[in-house]
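Residue numbers (the numbering used here): 6 to 179.
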Amino acid sequence: MKKSIALGALFITALAVGTVLAIIWGELDGNRHPSVGNIVYRYDGDLYPWASGSLVANNVFLTAGHVTNGISDVIDQGLLGLDDVFICFDSTDTLSTGATLHAISEIITHPDYRYKTEDWHDVGMIILQSDIEGIAPVTLPTSGLLDELKKERMLTSGPQGTRIVCVGYGSFLE
6 MKKSIALGAL
16 FITALAVGTV
26 LAIIWGELDG
36 NRHPSVGNIV
46 YRYDGDLYPW
56 ASGSLVANNV
66 FLTAGHVTNG
76 ISDVIDQGLL
86 GLDDVFICFD
96 STDTLSTGAT
106 LHAISEIITH
116 PDYRYKTEDW
126 HDVGMIILQS
136 DIEGIAPVTL
146 PTSGLLDELK
156 KERMLTSGPQ
166 GTRIVCVGYG
176 SFLE
């Protein structure tokens, strides 16, 4: 019964999505952020979206802990295998049959990850089987950067503020 519920929940979101494209603020992104990728899984011959993340080293993909925890749970329940989950950096439809899929060797969730607590430790990594060539990993900010920007009064809205860009994959409705 638990497997049926988990599998059903997994596919409810997938059924609502037909095409998954690189987006930024709800607009098509194209290839402006090539290090941002889409986690996809294959079930019954079709590809479905899972979540986004960023390449932070040649074979390391950074994402949220709730994402890696969810993938690990589905694998542990036997609903998918590690060989059914991939990373795709294509800027066009990442669910198409021509998408370039990168195999995964390991999924790691922060050891202190706890869902909906004061400090989630909501960080996860996916180790790829091979180095990604032709895509430069993203440079992560230094620890405490946002605190420093706030202290310097640079975290304000408007043209004088610091620009923070959210990039990921999702549905694009016209």
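By construction, the Cβ of each residue, glycine as well, lies at the ideal position given by its N, Cα and C atoms.
Residue i versus residue j - alpha carbon distance
| i | j | result |
| --- | --- | --- |
| L160 | E153 | 9 Å |
| G50 | A62 | 30 Å |
| E123 | G103 | 42 Å |
| K156 | H107 | 41 Å |
| G23 | C171 | Because the pLDDT at G23 is just 45, under 50, the model does not fix this residue reliably, and the value given afterwards should be weighed accordingly. Between G23 and C171, the C-alpha separation is close to 22 Å. |
| N74 | T114 | 6 Å |
| Y118 | R158 | 31 Å |
| P142 | Q134 | 16 Å |
Member of the options whose CA lies at the smallest distance from the CA of residue i
| i | options | result |
| --- | --- | --- |
| V90 | S96, T97 and T105 | T105 |
| P146 | V79, D88, S59 and H126 | S59 |
| R47 | S57, L67, G86 and N74 | G86 |
| L100 | T167, P116 and P54 | P54 |
| I132 | R37, L52, A56 and T68 | T68 |
| V128 | N36, R168 and Y120 | Y120 |
| R37 | L151, V72, I140 and G83 | I140 |
Test item: CB-CB of residue i and residue j under 8 Å
| i | j | result |
| --- | --- | --- |
| I112 | S77 | yes |
| W125 | G70 | yes |
| A56 | V72 | yes |
Beta carbon proximity, residue i to chain B, threshold 8 Å
| i | result |
| --- | --- |
| V45 | Given the protein chain composition of this structure (a single chain), no chain B is represented. |
For a minimum of 4 consecutive residues, which ranges assigned as the alpha helix (DSSP H) are wholly contained in the segment 119 to 157? 150 to 156
At 3 residues or longer, and completely inside the segment 47 to 82: list those beta strand (DSSP E) runs for me, N to C. 51 to 62 and 65 to 68
Below 8 Å, how does it come out for the segment 38 to 54 and the segment 91 to 98: are there three or more Cβ pairs, yes or no? yes
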